[in-house]
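Numbering (this note's numbering), first residue to last: 149 to 620.
We put the beta carbon where it would ideally sit given N, CA and C, even for glycine.
Being a predicted model, the structure only gives us computed values, none of them experimental.
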């Protein structure tokens, strides 16, 4: 009998042990699932969060506006080598602008070479936001500041896939902002007359100048009003998309593409003729011509080849320097060095537009003002690059405070190359150089501040990636 009881007790212990083991196993399974979920979420939290820094108020620009109007023309998808040919015989208007009116060079884009991120870089000053993956790369994940928001009046004519996204949400219903696109049915890659989309844009612009050009002269209301975020100036954007459509359908090496380039030059001539009839506007305006991206030989874009990331750039007008001595054929190649050609990053166009209009640099811009495109006294150039440097420092300070607040202070590591003491020292150095009228040295100091400020932004944005890598 005792033996039977012992056997039953042993059996009971075994059952209890198995139950305990099963309970422990289930607990481990649940904890493992929770851990995997946390790690999976952390990947998106660390790698796919928006790098944009959201600032609060805007400061009054210390340097007044240089022009009343900026005219910005984009030939969507235009290949630089199809424009910058040996003699540019097919584009006499643009050739004349390059040789006698202004400066030219290359604007270097980043991947993905698509229309949306390209236009965002030019008008908002930042490149593709990785958080846009949550929108399937079809839209920006967060609302962003841009030239369209900062200028007093903004007008845009172009394709339905580009210009509507430039409408600032906080200026919906504002009669000073007008966005107009051609009908969706004209966005037809099989149409025989693809250049009609460019004609539509120029026709609408001509109609505007005929009926509403007086709006560009009304600058008295452009207040120094903080309540209006110091909005100032007129921004006119013409989006010419025939090059993109023609490249996709006929390929950049086709005779149809070459014919489109000729037609593009004719439309530029039409735009200049319109302004010639309004000297009161054109004499106080700056003009910029470029492309948002290029295209491969087989008619695609989105990747990082030179034909996709290098775009033509021409600027002329008030406060734009006259051209250097006639360029050589070799200058037209981006692989050679040239004193007559200026290369910039695509995002640098944003602070250039802002300083021309005398408006605050859009909040999220990481562009550096290309002073080479400005014909100004060095003392004014120092003031403009200083504004750019203070803008970068403001973003850096906000990002620093965000990271510091979200980490235990004993383990938090400041960006060692650009500490608060270093920043203060460099600002004092630049101020002393300016007071001593050593303007070129001051410009270099401020440019170094911008460089380190942007490097610090990247450091704090990627701060958690090292630790995430250890966990992985």
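Going by DSSP in three states, residue i sits in which element: helix, strand or coil?
i: residue 387; result: strand
i: residue 329; result: strand
i: residue 382; result: strand
i: residue 610; result: coil
i: residue 311; result: helix
i: residue 492; result: strand
i: residue 172; result: helix
i: residue 356; result: helix
i: residue 514; result: coil
i: residue 471; result: coil
i: residue 324; result: coil
i: residue 259; result: coil
i: residue 201; result: coil
i: residue 593; result: helix
i: residue 525; result: coil
i: residue 296; result: helix
i: residue 316; result: coil
i: residue 342; result: coil
i: residue 507; result: coil
i: residue 211; result: coil
i: residue 447; result: coil
i: residue 254; result: strand
i: residue 266; result: helix
i: residue 439; result: coil
i: residue 217; result: strand
i: residue 460; result: strand
i: residue 560; result: coil
Give a yes or no on whether 8 Å exceeds the smallest Cβ distance from residue i to chain C.
i: residue 590; result: Of the chains in the structure shown, none is chain C; there is only one protein chain.
Can you find the residues in the same chain that come closer than 8 Å, C-beta to C-beta, to residue i, ignoring five residues on each side of it along the sequence?
i: residue 368; result: Bear in mind that a pLDDT of 44 at residue 368, under 50, signals an unreliable position, so the number given afterwards is only what the model happens to contain. Around residue 368: no qualifying Cβ.
i: residue 312; result: 327 and 329
i: residue 96; result: Residue 96 lies beyond the stretch modelled for the chain, which goes from 149 to 620, so this question has no answer here.
i: residue 353; result: 305, 384, 386, 419 and 422
i: residue 548; result: 562, 563, 604 and 608
i: residue 230; result: 400, 405, 406 and 409
i: residue 451; result: 259, 260, 261 and 444
Keeping to the same chain, check which residues put their C-beta closer than 6 Å to that of residue i; ignore five residues upstream and five downstream.
i: residue 610; result: none
i: residue 295; result: 271, 383 and 501
i: residue 470; result: none
i: residue 509; result: 499, 502 and 539
i: residue 449; result: 261, 441, 443 and 456
i: residue 436; result: 220 and 463
i: residue 447; result: 395, 396 and 399
i: residue 413; result: 239, 241 and 242
i: residue 325; result: 302 and 319
i: residue 491; result: 253 and 254
i: residue 504; result: 214, 215, 218 and 434
i: residue 370; result: Residue placement at residue 370 is poorly supported in this model, since its pLDDT is 48, which falls under 50; the coordinates still yield a value, given next. Correct list, in chain order: 300 and 380.
i: residue 372; result: With a pLDDT of 49 at residue 372, under the threshold of 50, the predicted position of this residue should be treated as unreliable, and no value is reported.
Cutting at 7 Å between CB atoms, please list the residues of its own chain near residue i, excluding the five before and the five after it.
i: residue 604; result: 544, 563 and 566
i: residue 571; result: 541
i: residue 246; result: 252, 462 and 471
i: residue 114; result: The chain is shown only over 149 to 620; residue 114 falls outside these bounds and no answer can be derived.
i: residue 404; result: 394 and 398
i: residue 531; result: 210 and 211
Can you tell which of the options has its C-alpha closest to the C-alpha of residue i?
i: residue 554; options: 573, 366, 608 and 217; result: 608
i: residue 258; options: 580, 453 and 314; result: 453
i: residue 600; options: 556, 549 and 538; result: 538
i: residue 480; options: 460, 468, 492 and 494; result: 460
i: residue 556; options: 518, 612, 578 and 512; result: 612
i: residue 387; options: 333, 307 and 573; result: 307
i: residue 493; options: 504, 467 and 521; result: 521
i: residue 445; options: 417, 315 and 402; result: 402
i: residue 364; options: 426, 551 and 391; result: 426
i: residue 316; options: 309, 292 and 241; result: 292
i: residue 550; options: 200, 182, 360 and 347; result: 200
i: residue 658; options: 217, 504, 407 and 468; result: The chain is shown only over 149 to 620; residue 658 falls outside these bounds and no answer can be derived.
i: residue 407; options: 344, 348 and 358; result: 344
i: residue 606; options: 593, 378, 514 and 583; result: 514
i: residue 533; options: 546, 488 and 582; result: 582
i: residue 417; options: 351, 185 and 267; result: 351
i: residue 269; options: 495, 335 and 546; result: 495
i: residue 378; options: 340, 366 and 297; result: 297
Mind reading off the beta-carbon distance from residue i to residue j? Whole number of angstroms is fine, and I expect it under 8 Å.
i: residue 255; j: residue 497; result: 7 Å
i: residue 512; j: residue 274; result: 5 Å
i: residue 434; j: residue 468; result: 6 Å
i: residue 552; j: residue 560; result: 6 Å
Does the Cβ of residue i lie closer than 7 Å to at least one heavy atom of the ligand FMN?
i: residue 503; result: Annotation note on the ligand FMN: not contained in the displayed structure, which lists no ligands.
Tell me whether the stretch 434–449 and the stretch 218–234 touch, counting them as touching only if at least three CB pairs, one residue from each stretch, are closer than 8 Å. yes
Stretch-stretch touch, CB-based, cutoff 8 Å, three pairs: the stretch 234–248 with the stretch 381–401: no
Is the stretch 523–536 in contact with the stretch 584–593, if contact means three or more CB pairs nearer than 8 Å? yes
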